[in-house]
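Participant:
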Amino acid sequence: MLSISHTLAGAAIAYHTQDPFIATPLILASHYLLDAVPHWDAGTGLSNGDKTVKSAILQEIPDLALSGILVLIFFPPSLDTFSSLSSIVQYAPFWGAFIALIPDFLEAPRNFLKWEPKWLSPINRFHHSFHNSIPRMLDGLAPQFLLLILIWMTR
Numbered sequence: 009m010l011s012i013s014h015t016l017a018g019a020a021i022a023y024h025t026q027d028p029f030i031a032t033p034l035i036l037a038s039h040y041l042l043d044a045v046p047h048w049d050a051g052t053g054l055s056n057g058d059k060t061v062k063s064a065i066l067q068e069i070p071d072l073a074l075s076g077i078l079v080l081i082f083f084p085p086s087l088d089t090f091s092s093l094s095s096i097v098q099y100a101p102f103w104g105a106f107i108a109l110i111p112d113f114l115e116a117p118r119n120f121l122k123w124e125p126k127w128l129s130p131i132n133r134f135h136h137s138f139h140n141s142i143p144r145m146l147d148g149l150a151p152q153f154l155l156l157i158l159i160w161m162t163r
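In terms of my numbering, the numbers along the sequence shown are unbroken and rise by one, the last being 163.
(1) Tell me the DSSP bridge mates of S141?
(2) Mapping the DSSP letters down to three states, classify G104 as helix, strand or coil.
(3) Identify whether D58 lies in helix, strand or coil by the three-state DSSP scheme.
(4) Excluding the 5 residues flanking G76 on each side, which residues of the same chain have their C-beta closer than 8 Å to its C-beta?
(5) Hey, would you say P28 sits closer than 8 Å to W123, going by beta carbons?
(6) Output yes or no for whether 8 Å exceeds the beta carbon distance between R10 and Q152.
(7) Hey, out of F82, S92, G51, A50, whose CA is closest to G18's CA?
(8) Does the distance from the C-beta atom of I35 to that of A108 stay below 8 Å?
(9) Looking at W48: is its Cβ nearer than 8 Å to the Cβ of I142?
(10) Got a sec? Which residues, its chain only, sit under 6 Å from H39 by beta carbon, not counting five neighbours each side?
(11) Is P125 helix, strand or coil by DSSP?
This is the structure in structure tokens:
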């Protein structure tokens, strides 16, 4: 899934629960369940050589930037949210979006640096077991677009 899909799903879960102890396992579970849906993302084609690391990074940077912007649009914070760093961290959609990307952050060294610490190997194998990437971009973006519509309607 695109980072956009994961961050908005995580932000929505955090926004609706407002409790990190309840939200965190739900957000992490949502990451793996969303990856099981046939999808296209910036990493599609990277592991089999159809895409270069440079190309994947160039696609991931706008994906991450747009993720942050969309979290703010879907779940607008109050002005005092930005009054201090602690206020920003306490803003549920922010931490929900961050937690939603943790499985991908853990996979990044292997995908982009071709380096994987031993302790990450079982975590990344678990993550990879859910992946259902498809090469056709439009087919892989359609379910993600539907997810964004659903999140928008339930916010």
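Virtual Cβ for every residue (Gly too), placed ideally from N, Cα, C.
Facilitator: Looking at the coordinates:
(1) H47, per the DSSP bridge assignment.
(2) helix
(3) coil
(4) T15, A105
(5) no
(6) In the sequence on display, residue 10 carries Leu and not Arg. Yes, Cβ-Cβ distance for L10 and Q152 is below 8 Å.
(7) G18 has its Cα closest to that of F82, out of F82, S92, G51, A50.
(8) yes
(9) yes
(10) H14, A108, P111
(11) Here P125 sits in coil by DSSP.
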